[in-house]
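K.L.:
Under numbering that gives the first Met the number 0, think of the first position of the sequence shown as 0, with each following residue one higher. We put the CB at the ideal spot given by N, CA and C, even for glycine.
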Amino acid sequence: MTSQFEVTDSALSIDVSVPVSGQATLPGGSSFSWQVLTALAGEVSAKTDGDRAAIRLTKRRAQPPS
Numbered sequence: 000m001t002s003q004f005e006v007t008d009s010a011l012s013i014d015v016s017v018p019v020s021g022q023a024t025l026p027g028g029s030s031f032s033w034q035v036l037t038a039l040a041g042e043v044s045a046k047t048d049g050d051r052a053a054i055r056l057t058k059r060r061a062q063p064p065s
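Below, the structure is given as structure tokens:
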């Protein structure tokens, strides 16, 4: 498993990838697990790239009231 973290003034992004053998099946956007991740992180995306499956979670900082 590989993890990368990106911290900016406005967001925290976490990329996690794992090696896979054969064809990886990613969770659907309407699955319960996907809905939980989206509720917690705000933005979630997943992809497969050859022999790895990856997910990216991004949580953005709330904008201060103007």
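Taking 8 Å as the threshold (C-beta atoms), are L56 and A40 in contact?
P.N.:
Closer than 8 Å, so yes.
K.L.:
Might you give, ordered along the chain, the residues of its own chain that have their beta carbon closer than 6 Å to the beta carbon of S2, omitting 5 neighbours on each side?
P.N.:
Closer than 6 Å at Cβ, skipping near neighbours: V15.
K.L.:
Which one or two residues does DSSP pair with D14 in a beta bridge?
P.N.:
Answer is Q3 and R55.
K.L.:
Can you find the residues in the same chain that come closer than 6 Å, C-beta to C-beta, to R60, ignoring five residues on each side of it along the sequence?
P.N.:
Closer than 6 Å at Cβ, skipping near neighbours: S9.
K.L.:
Residues bridged to S44 by DSSP?
P.N.:
DSSP, once it has assigned bridges, lists R55 as partnering S44.
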